[in-house]
Amino acid sequence: MHPLQRLSRLPLYWQVLLINGAVFALGAVALLLSPATVSRQVLVSEAVVLVGGLALVLVVNALLLRRSLAPVDRVVREMQVVELHDGQRLTTPATGPGARLVGSYNAMLDRLEAERSASNARALAAQEAERHRIAQELHDQVGQDLTVVLLGLKQLAARAPAELVEELELLRDSARTGLDDVRRVARELRPGVLADLGLGSALAALCSDFTAHGGLPVRRTIAPGLPDLGPERELVVYRVAQEALTNAARHARGATEVTLSLARVGGNALLEVTDDGRGATAVVPGSGVRGMRERAVLVGATVSVDGGPAGTTVRLVVPLPEVAP
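Counting from 337, one number per residue, gives the positions in the sequence shown under our numbering.
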């Protein structure tokens with residue numbers, strides 16, 4: 337094995353120690369073998385030789401140590417700003433302890449991303465299962481109870497005195513409104529239309545419900561010819577659109593309209609939700625944005641949020657599934 341390769345396998349402490357020892361040993365040998373001497377009163381020429389030798393030692397030492405220690409600073413700087421979802425990795429040097437350090441750092445990020453993705457997948461699966469259970473309870477239990485109340489009020493109104501009929505009708509209207517709200521919440525928790533009629537119809541129903549229940553008018557454009565994304569990708573698109581519309585209703589100041597579009601762009605499906613309100617130039621990711629990004633990562637998609645005085649745009653890019661030949 338080459339001596340430099342053996343040196344590169346040593347711990348960083350011993351490499352620094354050996355490099356410094358070698359540099360000073362070479363300096364000592366040079367002084368012993370050279371005719372240079374130092375007078376009791378140092379001459380200018382002797383001072384020049386000493387300063388030049390010291391400078392040469394420092395330069396050689398710096399060049400040798402730079403190759404070993406520079407990657408350490410790179411890793412430290414990257415650790416201060418790294419985000420697991422951006423997928424960036426450091427370039428690994430060819431040899432030396434820096435190569436092992438950078439390689440270990442990149443491998444650590446890979447493991448953390450894999451573990452985080454698996455954890456997010458389990459958490460989101462549990463969340464969807466809980467939403468399904470709650471939606472089923474709302475539909476089967478609360479919805480049926482309110483239906484029984486409506487039927488009872490109808491029968492009671494038919495036998496009640498005339499002066500009570502109007503009050504009973506008001507109660508029936510309130511119960512009917514409550515039943516509609518329960519059904520709407522159940523649809524939002526478990527979008528059955530997504531599995532029954534497809535993504536386009538589910539997004540259309542989502543926009544209609546959003547506008548009908550106090551939200552902003554939504555102008556939607558769903559391009560024809562979009563291939564089947566599969567249930568996982570379609571659920572991600574639906575949930576991101578749902579969260580983006582909710583954020584527009586909550587945070588878009590002075591907005592009068594929301595635009596939702598879904599189209600194919602190259603090998604990706606592109607969802608954009610844009611409001612015309614006054615948004616912040618620098619969007620601070622909250623739990624909603626983080627949730628959208630965590631969902632997107634599970635299917636290899638990306639989410640970006642661009643804000644400004646002309647409105648805020650949520651953009652989801654979903655890779656289309658590969659079609660078998």
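Here a beta-carbon is modelled for each residue, glycine too, at the ideal position from N, C-alpha and C.
| Query | Result |
| --- | --- |
| Rounded distance between the beta-carbons of L486 and L535, thought under 8 angstroms | About 33 angstroms separates the two Cβ atoms, so there is no contact after all. |
| Distance between beta carbons of E579 and G647, contact taken as under 8 angstroms | No, G647 and E579 are not in contact; Cβ-Cβ is about 17 angstroms, not under 8 angstroms. |
| Backbone CA spacing between A660 and R575 [nearest angstrom] | At A660 the pLDDT is 37, less than 50, meaning the model places this residue with poor confidence and gives no usable figure here. |
| Sufficient close CB pairs (3 or more, under 8 angstroms) joining the stretch 471-480 to the stretch 514-530 | yes |
| Spatial distance of R555 from R569 (CA atoms) | 23 angstroms |
| Close beta carbons around V650, own chain, < 6 angstroms, minus the five adjacent residues each side | A580, V609 and V641 |
| Given 8 angstroms, three or more beta-carbon pairs between the stretch 479-493 and the stretch 503-512 | yes |
| Alpha-carbon to alpha-carbon, A511 and V478 | 11 angstroms |
| Contact check, P645 vs R600, beta carbons under 9 angstroms | no |
| For D305, the three-state DSSP class (helix, strand or coil) | Residue 305 is absent from the model: the chain starts at 337 and stops at 661. |
| Cβ distance (whole Å) where L289 is taken to contact A559 below 8 angstroms | With the chain covering 337 to 661 only, the question about residue 289 has no answer from this structure. |
| Spatially closest choice to A637 from P497, N604, A591 and G643, by CA coordinates | N604 |
| Residue closest to G643, alpha-carbon to alpha-carbon, out of E464, R614 and V653 | R614 |
| For V654, the nearest candidate out of G488, L607, G528 and P567 (CA to CA) | L607 |
| Three-state secondary structure assigned by DSSP to E505 | helix |
| DSSP-derived helix/strand/coil call for P497 | coil |
| Span of the alpha helix (DSSP H), counted from its first residue to its last, around A585 | P567 to H587 |
| Residues of its chain near G627, where Cβ-Cβ distance is below 7 angstroms and the 5 sequence neighbours each way are ignored | E579 |
| Close beta carbons around F360, own chain, < 8 angstroms, minus the five adjacent residues each side | V393 |
| Residue closest to R586, alpha-carbon to alpha-carbon, out of L652, P567, T557 and G551 | G551 |
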